[in-house]
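K.L.:
Next up is a structure, given as structure tokens.
In my numbering, the protein residues as written are 1 to 123.
Now the structure itself:
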């Protein structure tokens, strides 16, 4: 799932607690937590739309999730899958490359990218 939230003031990792303040510097992280939570909500909506065969709606939702949190390899990997289903392979590869840039060992992005390259070289 998405990476840890870091305090923009002191760069400390945020750990879920009763307070939304940074444990190190005391900065208010509530707006950042809200954005993070909203990105996950859009990701979950994208998955639900995909399961209902609503690919365009799923693409819109994952685009919203990425706009709110561009540092999630899972978001980019799923976007790549959705682009591939729509036949937009250049966009799919770009999304998988983004996922791999964030997490070099992301299994879905690695596998999908390898399958795409294999399909192109086998043709």
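Idealized CB from N, CA, C, for every residue including glycine. Note that the structure is predicted; figures quoted are calculated from it, not measured.
(1) Write down the C-beta distance between residue 109 and residue 73 rounded to the nearest angstrom, noting that I regard them as a contact closer than 8 Å.
(2) Let me confirm a value: residue 17 is counted as buried when at least 16 other C-beta atoms fall within 10 Å, else exposed. Which label applies?
(3) According to DSSP, simplified to helix, strand and coil, what is residue 98?
(4) For the pair the stretch 60-75 and the stretch 27-42, tell me if three or more CB-CB distances fall below 8 Å.
(5) Residue range of the alpha helix (DSSP H) that residue 80 falls in?
(6) For the stretch 16-30 and the stretch 51-65, state whether three or more C-beta atom pairs, one from each stretch, are separated by less than 8 Å.
P.N.:
Taking the geometry as given:
(1) 7 Å
(2) By the neighbour-count rule (16 or more Cβ atoms within 10 Å), residue 17 is not buried but exposed.
(3) helix
(4) yes
(5) 73-85
(6) no
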